[in-house]
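Numbering (this note's numbering), first residue to last: -12 to 120.
Where is the CB? At the ideal position from N, CA and C, for every residue including glycine.
On a predicted model such as this, the values are computed, not experimentally measured, just so you know.
Let me begin by presenting the structure, written as structure tokens, before commenting on it.
Below is the structure:
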């Protein structure tokens, strides 16, 4: 006879995930204690970890000094990302970039139906191909 499917409320799932994570015990042991499938509990633990990420630990002053010493010994320098600088500034009164393709890519333009490719010569009709050759 098949087992009846059990339902667990979100609070129980979160608590089970937290409990397993806090005890740092194996999922299999906790799953056996709670009479839950290991894979199910593992999913709950992963969900709990995603919702409650651990903050990255800050370096102590001693650790910072050690890192600085090692970097100095190896000749490494800390590099900060450069500030964003705009490289292209449009001039006033300058003409816009010309449309060298001279094509209308709007839906239904040039007799194109949905699914028609609008690149290369694949969408050209026979008459248009003859004109190009």
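What do you get for residue i, buried or exposed, if any count of 16 or more other CB atoms within 10 angstroms of its CB means buried?
i, result
"residue 14", "buried"
"residue 32", "buried"
"residue 57", "exposed"
"residue 23", "buried"
"residue 70", "exposed"
"residue 80", "exposed"
"residue 17", "buried"
Rank the options by C-alpha distance to the C-alpha of residue i and give the top, closest one.
i, options, result
"residue -8", "73, 27 and 34", "27"
"residue -3", "89, 75, 60 and 34", "34"
"residue 1", "19, 60 and 29", "29"
"residue 38", "19, 10, -5 and 4", "4"
"residue 21", "84, 42 and -1", "-1"
"residue 41", "51, 9 and 84", "9"
Would residue i pass as an interface residue toward chain B - the criterion being a Cβ-Cβ separation below 9 angstroms?
i, result
"residue 37", "Absent from the structure: chain B. Only one protein chain is present."
DSSP state of residue i, grouped into three classes?
i, result
"residue 141", "No information on residue 141 is available, as it lies outside the stretch -12 to 120 that the chain covers here."
"residue 49", "helix"
"residue 36", "helix"
"residue 60", "helix"
Next on the checklist: Check whether the region 58 to 72 and the region 38 to 46 touch, using three or more Cβ-Cβ pairs below 8 angstroms as the test.
Outcome noted: Touching, no, given that fewer than three Cβ pairs across the two stretches are closer than 8 angstroms.
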